[in-house]
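Undergrad: Starting off with a structure, shown below.
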Amino acid sequence: MWIPDTLSGPNFTLNIRDTFAQIVPSGNQTITGGINGKFWGPTLLMNKGDIVHMTVNNYLNDSTTLHWHGMHLPAVMDGGPHQIIPPGTTWQPYWEVKNQASTLWYHPHMHEMSQEQITKGLGGFIIIRDSEEAAINLPRNYGIDDIPVMITDRDINAQHQFAIVPYGDSIMANMTLRAQYNVPAQVVRFRLLNGAIETSYNLGFSDNRSFYVIGTDGGLLDSPVLVNGAAPRYILNAGERVEILVDFSGQTGSNVFLKAYNQSLPNFIPGSESFPNGPFASFLGHTNYNILKLNISNPTPNPISTIPTTLVTNQYPLEQDATLTRIITISDSTGVTSVPILGPNAFILGHHLFDMGYINHTIPLNQTEIWELKSTSGFGHPFHIHDVEFKILTIDGVAPSPQQAGWKDVVLVERNKTVRFIAKFSDYADEMHPFMYHCHIALHEDEGMMGQFIVTEQVGLNKLNLSTDFSVYPNPTREKLFIKFNELPFEIYYATITNLSGKIVMMLPKPELASGIDVSNLKKGVYFIEMISQKTKLKTSKKFIIE
Ligand code: C2O
Ligand code: CU
Ligand code: CU
17 MWIPDTLSGP NFTLNIRDTF AQIVPSGNQT ITGGINGKFW GPTLLMNKGD
67 IVHMTVNNYL NDSTTLHWHG MHLPAVMDGG PHQIIPPGTT WQPYWEVKNQ
117 ASTLWYHPHM HEMSQEQITK GLGGFIIIRD SEEAAINLPR NYGIDDIPVM
167 ITDRDINAQH QFAIVPYGDS IMANMTLRAQ YNVPAQVVRF RLLNGAIETS
217 YNLGFSDNRS FYVIGTDGGL LDSPVLVNGA APRYILNAGE RVEILVDFSG
267 QTGSNVFLKA YNQSLPNFIP GSESFPNGPF ASFLGHTNYN ILKLNISNPT
317 PNPISTIPTT LVTNQYPLEQ DATLTRIITI SDSTGVTSVP ILGPNAFILG
367 HHLFDMGYIN HTIPLNQTEI WELKSTSGFG HPFHIHDVEF KILTIDGVAP
417 SPQQAGWKDV VLVERNKTVR FIAKFSDYAD EMHPFMYHCH IALHEDEGMM
467 GQFIVTEQVG LNKLNLSTDF SVYPNPTREK LFIKFNELPF EIYYATITNL
517 SGKIVMMLPK PELASGIDVS NLKKGVYFIE MISQKTKLKT SKKFIIE
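Each residue of the sequence shown is one higher than the last, beginning at 17 in our numbering.
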């Protein structure tokens with residue numbers, strides 16, 4: 017199994033490219049999308065409290081976006097469908113990492129192209145560390161006893177190319193077919209990510225060994241939860257992560273498989289059904305299959321040999337602090353005549369097909385809300401929300417199992433069931449850029465199973481000046497461009513740099529201007545820099561030259 021390289025911050029450069037890779041061991045290479053490599057992308061290591069600066073270069077021939085799934089950040093930095101990066105353009109978002117230690121990920125979120133761009137292999141892990149996690153005796157040696165595993169499936173055709181279909185016939189672990197990996201004979205931590213387009217995986221080990229769940233989407237649980245019994249399983253749905261501990265002590269020389277037991281996945285959960293033909297055909301539907309062979313080898317010099325009894329102290333929002341219950345329906349479009357363009361099998365949220373120009377919900381900053389996801393759909397959907405991590409309150413009236421009771425940003429809403437979760441919408445208000453919520457089945461999302469909300473703050477226009485005039489220096493320049501405001505500095509909402517033919521070459525949400533804008537990547541020529549004021553949204557632009 018391939019292990020992604022790591023990048024440490026606080027500055028990260030990500031180059032998104034069309035490329036190719038030897039996915040099938042011999043014969044044709046596969047056309048892929050890669051971030052700094054041949055597929056997938058580096059694992060970004062961040063610390064809580066860091067201010068991270070991303071430089072995202074889009075070298076694809078298509079527009080794309082890069083979304084930081086699970087990250088709590090300003091909407092304009094979120095990389096959702098509104099933060100489009102045209103080909104040849106650099107996008108430079110930055111934010112303070114406020115999430116607690118957790119396993120997040122990043123992936124394209126271009127509306128109607130998510131499935132295609134994720135299928136190519138674009139994405140990557142984000143590992144956030146913090147002092148609370150660092151104080152626990154947990155495996156933390158990346159790739160040795162702390163192993164990221166992105167599970168997905170692909171349909172690989174006779175020419176070895178990835179077909180853009182919801183279900184694949186070949187399972188992959190970190191983009192590796194028939195993956196195997198050496199693990200030391202001690203306690204090993206796996207950070208499992210379901211990176212599939214649609215499939216849910218009913219995970220377990222071939223010897224039915226027990227394991228401990230220590231973390232979910234948004235961070236560690238209060239204490240490890242033992243998953244045991246005759247058939248210990250954990251269902252991981254598209255977009256979800258789970259961190260587990262497995263004890264291999266004293267087992268040097270033997271091996272065990274991480275498997276998907278999808279034969280026993282409940283009906284109407286993606287991957288549970290056997291479709292021999294048609295658009296949903298898959299050899300893997302309703303079967304059990306190996307994902308990753310683990311060869312147990314000698315322990316490392318200072319192995320972790322015990323499972324901690326407690327982890328972190330989580331402060332979840334309290335039900336009595338919720339000001340509102342927001343009801344989101346999940347339904348099949350069949351018979352819904354108000355959305356005539358939907359095919360017979362599309363699924364929708366809130367009886368409203370996704371519309372980039374329509375804000376479905378407006379949430380006052382700092383409001384605590386209960387979201388009630390009410391499904392009348394005939395199928396299960398992994399519901400995901402941006403901006404926040406939430407806590408599941410009930411699933412059809414019943415409290416979640418302990419391994420689902422931590423911080424989450426995706427929850428499977430099974431056919432005809434109702435899920436209630438609670439979340440607080442703090443820190444970031446923005447009237448202009450919305451956050452998304454959607455089904456994490458990329459096909460459904462692309463078909464319009466998505467909605468958006470803005471978080472708003474009541475502020476009057478205040479004392480600060482309204483002039484947006486500025487000048488740039490030095491001009492001509494080569495390395496850096498500095499900004500001088502003609503009056504008091506106005507707060508900048510967004511800056512863009514366009515070339516003479518009107519093409520955007522750099523996108524700078526809320527730029528920090530004190531140390532200048534790095535323009536050393538730009539070719540010689542004439543450019544315009546446009547700035548938008550935070551308060552008035554007025555735009556002013558200036559010309560400058562790169563020599
Ligand atoms: Cu992982 Cu809006 O997505
Ligand atoms: Cu997300
Ligand atoms: Cu769905």
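Cβ coordinates follow ideal geometry from the N, Cα and C atoms, glycine included.
DSSP three-state call for Ile-344: helix, strand or coil?
TA: Reduced to three states, the DSSP call for Ile-344 is strand.
Undergrad: Look at the alpha carbon of Gln-131 and the alpha carbon of Leu-459, and state the distance between them as a whole number of angstroms.
TA: Their backbone Cα atoms lie some 6 angstroms apart in a straight line.
Undergrad: As an exercise, report each continuous beta strand (DSSP E) stretch of at least 3 residues that is fully enclosed by the stretch 222-301, in chain order.
TA: Complete beta strand (DSSP E) runs here, min 3: 227-232, 235-243, 250-252, 257-263, 271-277.
Undergrad: Tell me the residue span of the beta strand (DSSP E) that contains Ser-147.
TA: Segment 147-150 is the alpha helix (DSSP H) holding Ser-147; no beta strand (DSSP E) there.
Undergrad: Rounding to the nearest angstrom, what Cα-Cα distance links Ile-143 and Asn-502 in this structure?
TA: C-alpha separation (whole angstroms): 42 angstroms.
Undergrad: Please indicate yes or no: does the CB of Asp-6 lie closer than 8 angstroms to some heavy atom of ligand 2?
TA: With the chain covering only 17 through 563, there is no way to say anything about residue 6.
Undergrad: So the alpha helix (DSSP H) Ile-131 belongs to, where does it begin and stop?
TA: With the sequence shown as reference, residue 131 is identified as Gln, and Ile is not the correct amino acid for it. Residues 130-135.
Undergrad: Closest Cβ-Cβ distance between Trp-111 and chain C: below 9 angstroms?
TA: The question asks about chain C, but that chain is absent: this structure has only one protein chain.
Undergrad: Between the alpha carbons of Asn-432 and Ala-445, how many angstroms are there, rounded?
TA: If you take the alpha carbons of Asn-432 and Ala-445, they lie about 34 angstroms apart.
Undergrad: Less than 9 angstroms between the beta carbons of Asn-283 and Asn-311, yes or no?
TA: No, these two residues do not count as a Cβ contact at 9 angstroms.
Undergrad: What's the call for Ser-298, buried or exposed, on a 16-neighbour Cβ count within 10 Å?
TA: Its Cβ being crowded by 16 or more others within 10 Å, Ser-298 is buried.
Undergrad: Could you check how far apart the C-beta atoms of Pro-492 and Glu-563 are, in whole angstroms? I think they sit under 8 angstroms.
TA: Sure, about 4 angstroms apart at Cβ, within 8 angstroms.
Undergrad: On the three-state DSSP scale, how would you describe Asn-478?
TA: Residue placement at Asn-478 cannot be trusted, given a pLDDT of 49 that sits under 50; the coordinates are not used to answer.
Undergrad: Since Asn-31 contacts Asn-73 with CB under 8 angstroms, what's their CB separation in whole angstroms?
TA: That pair is a contact at about 5 angstroms.
Undergrad: Pull up the distance between the alpha-carbon of Phe-506 and that of Thr-106, whole angstroms please.
TA: Looking at the two C-alpha atoms, the distance is approximately 24 angstroms.
Undergrad: Under 8 angstroms from any heavy atom of ligand 3, does the C-beta of His-125 make it?
TA: His-125 Cβ: outside cutoff for every heavy atom of ligand 3.
Undergrad: Ligand 2 and Met-452: does the residue's C-beta get closer than 8 angstroms to at least one heavy atom of that ligand?
TA: It does: the Cβ of Met-452 is within 8 angstroms (strictly closer) of some heavy atom of ligand 2.
Undergrad: Return yes when at least one heavy atom of ligand 3 lies under 8 angstroms from the C-beta of Ile-457, else no.
TA: Yes; taking the cut-off as 8 angstroms, the Cβ of Ile-457 has a heavy atom of ligand 3 nearer than that.
Undergrad: For Leu-459, report the span of its alpha helix (DSSP H) as first-last.
TA: From DSSP, the alpha helix (DSSP H) with Leu-459 extends over 458-462.
Undergrad: For Asn-382, which of Thr-472, Asn-44, Val-68 has the nearest alpha-carbon?
TA: Comparing Cα-Cα distances from Asn-382 to each of Thr-472, Asn-44, Val-68, the minimum goes to Thr-472.
Undergrad: Please go through the same chain and pick out, in chain order, the residues whose beta-carbon is closer than 7 angstroms to the beta-carbon of Pro-380, but skip the five residues on each side of it.
TA: These residues qualify, in order along the chain: Thr-472.
Undergrad: Between Gly-266 and Ala-201, how many whole angstroms is the CB-CB distance? I'm expecting something under 8 angstroms.
TA: That pair is a contact at about 6 angstroms.
Undergrad: With C-beta atoms as the reference, is Ile-508 less than 9 angstroms away from Met-448?
TA: Contact: no.
Undergrad: As a quick exercise: from Leu-334, Asn-157, Leu-340, pick the residue whose alpha carbon is nearest that of His-377.
TA: Nearest option by C-alpha distance: Leu-340.
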